[in-house]
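Peer 1: Residue numbers (numbering that gives the first Met the number 0), protein chains in the order written: chain A, 0 to 489; chain B, 0 to 615; chain C, 0 to 499; chain D, 0 to 101; chain E, 0 to 159.
Each residue gets a CB set at the ideal place from its N, CA and C atoms; glycine is no exception.
In this text the structure is predicted, and so the values were computed from the model without any measurement.
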Amino acid sequence: MTMTLSDLLPLMPLLLVTGTAVLAMIVVGIQRHYTLTVVVTITGLLIATIVAAMMMSFTNQQVTPLLVIDQYSLFFTVITCASAMFIAILSYPYLQNLQDQREEYYLLLGVATIGAVVMVSSNHFVSTILGLETLSMSLYGMVAYPVHVKDSAKFPLEASVKYLVLSAAASGFMLFGMALVYAQTGTLAFSSVVELVNGETAGLGAGFSIVALLMIIAGMAFKLSLAPFHMWTPDVYEGSPIPATTYLATIGKAGMFVVLLRFIEASDALEFEGVVLVLSLLAAASILAGNLLALLQENIKRILAYSSIAHMGYVLIAIIASFYVEGSISIEAVTFYLLAYMIMSLGAFGVASVISSSESERDHIDDYTGLFWRSPWLALVFTGMLLSLAGIPLTVGFIGKFYLFFAGVEAALWVLLAALIIGSGIGLYYYLRIVYRMVLKADDATTLTSDGAASLSAYGVLAVLFVLLLILGVYPAPVMNLIEVISATI
Amino acid sequence: MLDLIWLLPTFPLLGFLSLVLTSGRLPKPIVAAIGAGSVGLSFALAAMIAMTFLGSGEDYYIVETFTWMSVGSFTPGFSFYLDGLSLVMMLVITGVGFLIHVYATGYMDEDPGYSRFFSYMNLFVAAMLMLVLGDNLVLLYLGWEGVGLCSYLLIGFWYTKPENGYAARKAFVVTRVGDTSMAIGLFLLFAHFGTLNIQDLMHAAEIEWATGTNLPAIAALLLLGGAVGKSAQLPLQTWLPDAMAGPTPISALIHAATMVTAGVYLIARTHVLFELAPDVQILVAWIGLITLLMAGFTAMTQTDIKRILAFSTVSQIGYMFLGLGVGAWSASIFHLMTHAFFKALLFLGSGSVILAMHHEQDIFKMGALRKVLPISFASFMIGSLALTAFPFTSGFFSKDEILLAAIELEGVGFWLWLGGVVGAFFTGIYTFRLMFVVFFGENRGHHCEGEYGGWNMSVPLMILMVLSLVGGFIHIPVEAVFSHGEAHEEHHASLLIEGIMIAVPLIGIGIAYLFYGSKTLSVENLMASSLAKNLHKFWNSGWGMDWLYDRLFVFPFMWLARINAKDIVDQFYGLVVEINRAAHQMIVRSQTGYLRWYALSVATGLVLIITLGVLL
Amino acid sequence: MILVILIALLFAGGVLAWMSERVNPNLPRSIALATVLLDLLIMLTLLGSGDSGQWIASLEASWIPRFGISFYLAVDGLSLLLILLTAFLGIIAIGSAWDEITERAGFFYFNLLWTLAGVVGVFTALDLFLFFFFWEVMLIPMYFIIAIWGHENKNYAAMKFFIFTQVTGMLMLVSILVLAYFHYVQAGVFSFNYHDLLNVSFTSRVEMWVMLGFFIAFATKLPSVPIHSWLPDAHSQAPTAGSVILAGILLKTGAYGLIRFAVPLFPAASMEFAPIAMTLAAISILYCAKVAFAQHDIKRLIAYTSVSHMGFVTLGVYAWNEQALQGAVMTMLAHGLSAAALFMLAGGLQHRIHTRSMPDMGGFWAKVPRMAIVALFFSVAALGMPGLGNFIGEFLALLGAFQANIWLTVVSAFGLIFASVYSLWVIQKVFQGEYNSSKFDDSHLSDLSRREMLYFGAMMIGLVWMGMYPQSFLDLSAGTLSGLLSATADAAVAVAEVAQ
Amino acid sequence: METIPIEHGLILAGILFALGLIGVLTRRNIVFVLMSLEIMLNASGLAFIVAAARWGHAEGQVMFLIILTLAAAEVAVGLGLIIQMFRKYQTVDINVLSEMKG
Amino acid sequence: MTTLFYLAGAIAVISTFAVIVQTNIVHALLYLILSLLSVAVVFYVLGAPFAAVLEAIVYAGAIMVLFLFVIMMLNLGQHTREQERGWLAARVFVAPAIMAAILLGQLLNVIGQLSHDVEVTRVGVFEVSALLFGPYVLAVELASILLLAGLVAAYHLAKK
């Protein structure tokens, strides 16, 4: 199965993103111009988003063994590109005063997006590794981006080193696991793993397959920062510039989750009781550890980091449920929750990003004291995002959690649901802590907004996200229908 | 005419509302006019109704106004039931009530809470009328609680003194214990008969319940609980003496003439039930007897003029209970009425004394007042004679009937009678102890300027004097009410017994004279022994009942409340929070910041999940 | 359609009030008042337009077809009573906030109206998802009311309130989902419609667990021992209007949930569970009365008495006969007024002398006689004086409960005694005794103003009305309740047979 | 040609992988850490080649090529970071990178 | 050939072990090159000459040279041995060694079940190329993107 011309059409979004990155590189090569680079990047991502969205209705195709361009992958391509675009917009004011070359950042962002698009379309080990590593490689650069700035308040270098070393080790696990699978089945496509499960090769106990699968899952769990592979998360989040953190927390997580979903679904890995058990333990441990760790944190980024650990645990419940539930409800749950998670994480980090800049990051909880009275709209958005993370109605987070509960109930995963409830209960505490700080009376009444046209666009992003948050929270039916349709393709 | 019966409670209620809504802005004469006038109107109406009713020859008359609530079969209405019993009660309440109101217009003249006082009083009369006129137990309960509330408000009328507030709360809470028991009784009755209409209930009970079975006994016991609370009988008698903290007209109206006898009314009203439960009925008699004796002992040791009268009230209600217990229903009601006359007289008289003595209530700080306060003396004299059942005073006839009914009872009747006679002996002693100490002897230093107040205080006293003297000749028309219940209408007592009953109180008076009048005998000698001192102390404290209840109920409750003020359940959740915090502190230490540690954790995680995955 | 308007009006009014703050800081309160008044008027039009026991008005529109969720609102007599109470107390709450809330008034009234909107939604929703949605929606604005305008320990209180209700709410969500799933298994389609879910059948063990999810959520809101401890903190820290809403309305949503959902959906399990629920009720009544007595903080005291009084509601609901249910409903209404009034008085006192500590108070009768009389009235109402609404409720509840469980009723009846102990204690501590101004700042101690008298007067009239002629209220809910009773009659018989 | 037991090849890869892991976990010198990571990646590559040999496929070799690419890129970025680190801290001790914790 | 396989394997294990316990970084690097070369031999034995060549050229050649550059730049080597010795106490090996041992034990356990002697077939550059420029052409392109990412990141990070 080689490439043909007809394969190029489904690849359009990917090609567009690649083109954007290349174009940006050329622009940088000709003339370093910050705004122009940003505009090129944003425009390219926007076009890719639109094209991907338009293609959704008619594209469903395997392109070479590596990529599958179906509605599901296009859906996440849209989300990925849109998120990347939002992050690019948010980065623009943030990096404006960086005393360094700023253009490469957008280059890295573009390339990372390529990796992410590949990941969400991948159903093959080779494309998984390539997408993942492209994404990670760019993120190493983005995380460490302000490394040259003297006396920067944060520790981009430390973050990047920790991320690189641990991530590479995790990739090693994943690769070794893949090798074991390959040794047994002889192909590198996800679907090959079914043969492991069905025991077509004689003479092997289940042990071999389980070890192979679990090594792959461990690698993925690391990227998703599931406990006990979570420890890097807060440090990397805290050390990175906020837009990079945002990228890591949203696109990085969602891309990996789509891979995990496809892998689990295509491979029937859950046929092994051991795998189910381990995934359940990972989910429960992540929920509890993430929430408990966040409990008394004073740093917003760390709180969000820990909470993302917990949230990944929540979604994992739906993945486990998919094994027990007929129909696609749990896949829909995963999809919807990921969408919700993207919106609320983008929004939460977005607010932090708007009131911060590369030279002064405001990520301590005290920086938000009285925000409600100083910058009411920002505070409103932030409150909305936090309440959504906590799963309160009127927000998309509630619908997401509702989906998870539904999947969990159908699969009768009572223990995990109990963990979900306890975790959400603990979670309320630290989300509300932030909200409470915001409604406190401020000591100084200065508004925390950087003005100018640059941040205007960032405000626009926040507004869009907030509206999405509410619309999907109040009238989710259209999106649900869409997700129901696309989930059937998995 | 009879259909206007609903106006009876309405007049005082309107008085209450107009006084409350103007809240003290009216001038005193108008307040007095509204306060006393509304009750006067009621009395006039009551009198006319009484005449009409007696003239009509009917046994009873029902006036229905509107349904209070209708929930399934539970449909109590604001309906009034008039028969001989409620007629007597209605007249006593409005009549004596009106006199006391008039008296109070003078008595409270200088009090800043004049209007407040009369509003409470009016509310009380309204509630009391509800109590006795209601045709169902729920309406009765409405009045029952209403009078309790007014009692509370009026005992604590002078609110700046904390002990008055304490007394008021004590009165309310102790009676509420009884009320609760009564409420449970109502639930029980409703659960069995599906109605709380008194007449329907009584008919149903007679038909469905056999005499001496458990259910009527329990129901009667529960109602008895309410009755002993309201009427200050054992074991809930402790509140009444403290209730004297209120203004004296209150003591006269509420704590002597009307409210405290509500228990007697309740038992009389539901006598069918008690007849179905003979054990409980005899228990009523014993309660009455023991109470009257205990109160008699205590009254002899008191020095506060109002407390002496209070214990005597307890004691006299004991007689009424005794009468109820032996089935002398109409005798008890008769005694209720005469007691209302003479006890109101005594209290109002003591009120005059107290005012004249500038709010001094210790009898040993008074003396030789008969010259200075002739009207008070006269009222006390007549009241005391009636109280001690001096022949041909009102108290004589009523008490006589009760005791005669007691002795005719088979079995324990003689002992009940004997106890009653002994009680009468004590009554003589403590009543005339009071008389001799206060009105005879020498003045003990306190200056007294003579009678206080004008006609509005003296006229009611005089009317009550007359009633106390001749009240015994009034015939109460209750035969129809108790027609089937009363075994003995005519008493045929031997001369010996009659003689004893006449002589014993006189002996008591004589002894009082020897100790306090002529000083022939010395109280000091009597008090010399330590046994006597301790007994005196014991009796003086009301047989230690307060002490006992403090330790049995009040202190444990306060202790429980105090140790658990923070709510132990809440502390449990505090513990949950602490556990979470501790877990956070513990787990957050794993985030050391060291890369190698993180790497080790990743490796450990891998090993862990592989091991688990393979093992399971 | 009228139901949507009811809710949407409140939501919109809230936003408008918030926005209007920029124009004039006094505008929000007027807008809020106008909104709720308008709402009340619309509700009153529903009064005449239908027979009790029927759905007076309803609206059903598809909302989330994926799960068979519809936007289904409907009102019957019971709901109507409760939304009327909501609007009435909403007005009272706005009145109590009129002068008290001066900072960020726009946002305050926004939150107030949104809470009311959530509550009206809860009382009218007949789709369980929608019900849960509103159930949670009312929490957030309430959280803000406590957290922003509360007193010294507001963060703790607001947090506790939120976490308690939210966590137990999630248990209910799980139960709702199990219910919906069973419906799916049995009927083949997803549905959250109340009427559909009434037909779901269970094995008894499952039914018990699912019922417990509902019960715990409702018992938390009610609240009932042992999940009551959020309430004293929330009440004592909330601003007056917040306490009014909390005590007057929010607690009633729990009781409403029990009557409308917990028992009818799971009749057999509820009957089986009734002795335990009634035991909890009895414990609530006695235990919280006792704890109330020990409090120094006047608002905490009133809060504990609320728990105690709501115990009668639980008792009545689980006795599940006509008198008991009517008693529960009447207690809800009467307690709504009396507790709201008491909190307003406590709030008024705090506003005047800046303390809630009762040992510091005393002898206020002479200083503020009108307030004293009003306080006396509502204390007496709270202790169950016949002639006032609370008596009707508690008496009926006990009367009905006696037929279901004699001993628990007898024990609960002792609550009447305790109620008199603490109610009179408050009067004694605050209004009687010696006046001592050294313990607090009495420069602002003034008697009730005309406006305050208006609010209290309205509530007093309400209580007397309920006490003297409760029939106007009983008639409204009678149809609904008898409908529920007959619907669950089979299950009751079955359980009784098993018990024998 | 002779036969080679495939499991022995995989075991060799496993041993190398474990040794690499030990290196990552024990060394404080960040250059050593990076080298140990290379060992791990290389071991994975070896495993792919062994597996490919079992099937006589070229796909395993493709995967190896990709691992090679990724190792190269990772080393480039990693060494860049090391240079920055050395500039900032004048040391290659990774324990200095522990300013964020908790 | 089998002998060669085991011999190269043994050398790889030994030299790798030497790498992780070496204190002299230059020596360690040389051991690593030795290890990589012996793995290249294993590749060859397993019938993957193309991979073997790449292993030798790219891995042992280019990448290792990169390391060498950095080591020289940072002036590490002989004089940092003392420091390394201090860092490399025996106790730091305990936990990692146990972990690695368990992991290896697990791997050996499950791999041991897989007994499959293969007839080594030679899969040369042609087959690989056919695959690379056939179905896997996208992989090649993506690999170039990956390298681009590495390039840009490394450029940005390493510059002064």
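For chain B, check one thing: does any of its Cβ atoms lie closer than 9 Å to the Cβ of E/Gly21?
Peer 2: The displayed chain sequence assigns Gln, not Gly, to residue 21 of chain E. No - not a single Cβ of chain B is within 9 Å of the one on E/Gln21.
Peer 1: Using C-beta distances below 6 Å, list every residue in its chain close to C/Ser223, excluding the 5 sequence neighbours before and after it, in chain order.
Peer 2: These residues qualify, in order along the chain: Leu279, Ser283, Thr313.
Peer 1: For a contact defined as C-beta to C-beta under 9 Å, what are the partners of B/Tyr597 on chain A?
Peer 2: Simply Lys161, Val164, Leu165, Met230, Trp231, Asp234.
Peer 1: Where B/Glu407 and B/Lys398 are concerned, what is the direct C-alpha to C-alpha distance, given to the nearest angstrom?
Peer 2: Their Cα atoms are separated by approximately 14 Å.
Peer 1: Between D/Thr2 and E/Leu3, what straight-line distance do the alpha-carbon atoms span, to the nearest angstrom?
Peer 2: Rounded to whole angstroms, D/Thr2 to E/Leu3 spans 12 Å at the Cα level.
Peer 1: Check each candidate in C/Thr34, C/Leu178, C/Gly76, C/Ile144 and name the one with the smallest Cα separation from A/Val408.
Peer 2: Comparing Cα positions, the closest option is C/Leu178.
Peer 1: Using a cut-off of 8 Å between C-beta atoms, extract the partners of D/Ser35 located in chain E.
Peer 2: Under the 8 Å cutoff, chain E gives Val18, Ile19.
Peer 1: Of all the CB atoms in chain A, is at least one closer than 9 Å to the CB of E/Gly104?
Peer 2: E/Gly104 does not count as touching chain A.
Peer 1: E/Ala18 and E/Gly76 look like a contact to me (Cβ under 8 Å); what is the Cβ gap, rounded to whole Å?
Peer 2: In the sequence under discussion, the amino acid at residue 18 of chain E is Val, which differs from the Ala named in the question. Contact flag wrong, Cβ pair sits at about 15 Å.
Peer 1: Answer with yes or no whether the minimum CB distance from B/Gln590 to chain D is below 9 Å.
Peer 2: By this cut-off, B/Gln590 is an interface position.
Peer 1: Given this structure, state the Cα-to-Cα distance separating A/Ser122 from A/Thr249, to the nearest angstrom.
Peer 2: Reading off the sequence shown, one finds Asn at residue 122 of chain A, where the question assumed Ser. For A/Asn122 and A/Thr249, the distance between alpha carbons rounds to 21 Å.
Peer 1: In the DSSP output, what is E/Glu118 paired with across the bridge?
Peer 2: Answer by DSSP bridge pairing, in chain order: D/Thr2.
Peer 1: Could you check how far apart the C-beta atoms of A/Ala309 and A/Gly422 are, in whole angstroms? I think they sit under 8 Å.
Peer 2: Indeed they touch by this definition, with Cβ atoms about 6 Å apart.
Peer 1: Please list the partners that C/Gln508 has in chain A, where partner means a Cβ-to-Cβ separation under 9 Å.
Peer 2: The question about residue 508 of chain C has no answer, for chain C in this structure spans 0 to 499.
Peer 1: My parser needs the alpha helix (DSSP H) runs of 4 or more residues fully inside the stretch 133-186 of chain C; what are they?
Peer 2: Runs found: 138-148, 153-186.
Peer 1: Buried or exposed for B/Met0, going by 16 or more other Cβ atoms inside 10 Å?
Peer 2: When all chains shown are included, B/Met0 counts as exposed.
Peer 1: Rank A/Lys161, A/Ser5, A/Thr17, A/Ala487 by C-alpha distance to the C-alpha of A/Glu264 and give the top, closest one.
Peer 2: It is A/Ala487 whose Cα lies nearest to the Cα of A/Glu264.
Peer 1: Please report the Cβ distance between A/Leu89 and A/Gly114, rounded to the nearest whole angstrom; I am assuming they are in contact, meaning their Cβ atoms lie under 8 Å.
Peer 2: That pair is no contact at about 20 Å.
Peer 1: Would C/Ile284 pass as an interface residue toward chain B - the criterion being a Cβ-Cβ separation below 9 Å?
Peer 2: For C/Ile284, the answer is no, since every Cβ of chain B falls outside 9 Å of its Cβ.
Peer 1: Let me know the secondary structure DSSP gives A/Ala411 once reduced to three states.
Peer 2: In this structure, A/Ala411 counts as coil in the three-state DSSP scheme.
Peer 1: Considering Cα atoms alone, identify which of C/Gly310, C/Trp208, C/Leu447, C/Tyr454 is closest to C/Lys366.
Peer 2: Measuring from the Cα of C/Lys366, the nearest candidate turns out to be C/Leu447.
Peer 1: Kindly list, in the order they appear in chain A, the residues whose Cβ is closer than 9 Å to that of E/Ile144.
Peer 2: Going along chain A in sequence order, the residues near E/Ile144 (Cβ under 9 Å) are Thr17, Ala20, Val110, Ile113, Gly114, Val117, Leu129, Thr133.
Peer 1: What are the boundary residues of the alpha helix (DSSP H) that includes C/Leu5?
Peer 2: Taken as a continuous stretch (DSSP letters only), the alpha helix (DSSP H) holding C/Leu5 covers 1-19.
Peer 1: Using only CA atoms, which one of B/Ile428, B/Pro215, B/Leu403 lies nearest to B/Asp278?
Peer 2: The shortest C-alpha separation from B/Asp278 is found at B/Pro215.
Peer 1: Out of B/Met68, B/Val613, B/Leu611, B/Gly83, which one is the CA nearest neighbour of C/Gln322?
Peer 2: Of the listed residues, the one whose Cα sits closest to C/Gln322 is B/Met68.
Peer 1: Which residues of chain E have a Cβ atom closer than 8 Å to the Cβ of B/Ile609, listed in chain order?
Peer 2: Those within 8 Å of B/Ile609 in chain E are Leu102, Gln105.
Peer 1: How many angstroms separate the CA atom of B/Pro111 from the CA atom of B/Ala339?
Peer 2: Whole-angstrom Cα-Cα distance: 29 Å.
Peer 1: Find the residues of chain C that neighbour B/Thr179, judging by a C-beta separation of less than 8 Å, and give them in chain order.
Peer 2: Within 8 Å Cβ-Cβ: Ala412, Phe413, Leu415, Ile416.
Peer 1: State yes or no: is the beta carbon of B/Leu605 nearer than 9 Å to at least one beta carbon in chain E?
Peer 2: By this cut-off, B/Leu605 is an interface position.
Peer 1: In terms of residues, what are the limits of the beta strand (DSSP E) holding C/Phe189?
Peer 2: That residue, C/Phe189, is in no beta strand (DSSP E); it is neither H nor E in DSSP.
Peer 1: State the beta-bridge partners of B/Gly133 as determined by DSSP.
Peer 2: Partner(s): B/Phe79.
Peer 1: At a CB distance below 8 Å, what residues from the stretch 143-169 of chain C approach chain F? Give them in sequence order.
Peer 2: No chain F is present in this structure, whose protein chains are A, B, C, D and E.
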